[in-house]
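Numbering (my numbering), first residue to last: 39 to 161. Positions of the beta carbon are idealized from the N, C-alpha and C atoms, including for glycine. Because the structure is a prediction, the values reported are computed rather than measured. A short worksheet on the structure shown next.
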Amino acid sequence: MAEELRSLKEGNYIKIEGEPCKISSLTKRKTSKHGEAKARVEAVGIFDGKKRYLVKPVTSRVEVPMILKKKGQVISVQSNVAQIMDLETYEMIDMDVPEGKELKEEDQVNYIECEGKKKISEN
Numbered sequence: 039m040a041e042e043l044r045s046l047k048e049g050n051y052i053k054i055e056g057e058p059c060k061i062s063s064l065t066k067r068k069t070s071k072h073g074e075a076k077a078r079v080e081a082v083g084i085f086d087g088k089k090r091y092l093v094k095p096v097t098s099r100v101e102v103p104m105i106l107k108k109k110g111q112v113i114s115v116q117s118n119v120a121q122i123m124d125l126e127t128y129e130m131i132d133m134d135v136p137e138g139k140e141l142k143e144e145d146q147v148n149y150i151e152c153e154g155k156k157k158i159s160e161n
């Protein structure tokens, strides 16, 4: 799905360099005498945590990834990998446990899915 850069806000999602990212900072500059207004986006990759930047005219169309937010229940935890059962489809999924997050059996967790990748939400 594509949207104009001007319609995005902090906290929205965008694809930069083919990677889904969450916008952490968005600044728009006014038009200059010889050009159009520009937007500078600073975003963090959802799955890799890398900072990425994008500078384009505000009228540019950018790709916005489809992020699905789901709920699951922890079935088991082995070192830093949790086996989670989706609460809607009952599908079993193995996911890495985020650093600093303690999980135990029967905990309910929120996770996100985008383009076939899945990750436990930190919140």
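### Task
Tell me where the beta strand (DSSP E) around leucine 64 begins and ends.
According to the DSSP assignment, leucine 64 belongs to the beta strand (DSSP E) that extends over 57 to 67.
### Query
Going along the chain, which residues of its own chain have a beta-carbon closer than 6 Å to the beta-carbon of leucine 106, five neighbours each way excluded?
Hits under 6 Å: Glu151.
#### Entry: Whole runs of the alpha helix (DSSP H) within the segment 71 to 129, excluding any shorter than 4 residues
For secondary structure counted as the alpha helix (DSSP H) over 4 or more consecutive residues, the segment 71 to 129 holds no complete run.
### Task
Give a yes or no on whether the C-beta atoms belonging to isoleucine 131 and lysine 157 are separated by under 8 Å.
No. Outside cutoff.
### Task
Please confirm whether serine 62 and glutamate 80 have their CB atoms less than 8 Å apart.
Annotated as proximal: serine 62 and glutamate 80, with beta-carbon spacing under 8 Å.
### Query
If we count Cβ pairs, one from each stretch, closer than 8 Å, do we get three or more for the segment 102 to 122 versus the segment 67 to 83?
Touching, no.
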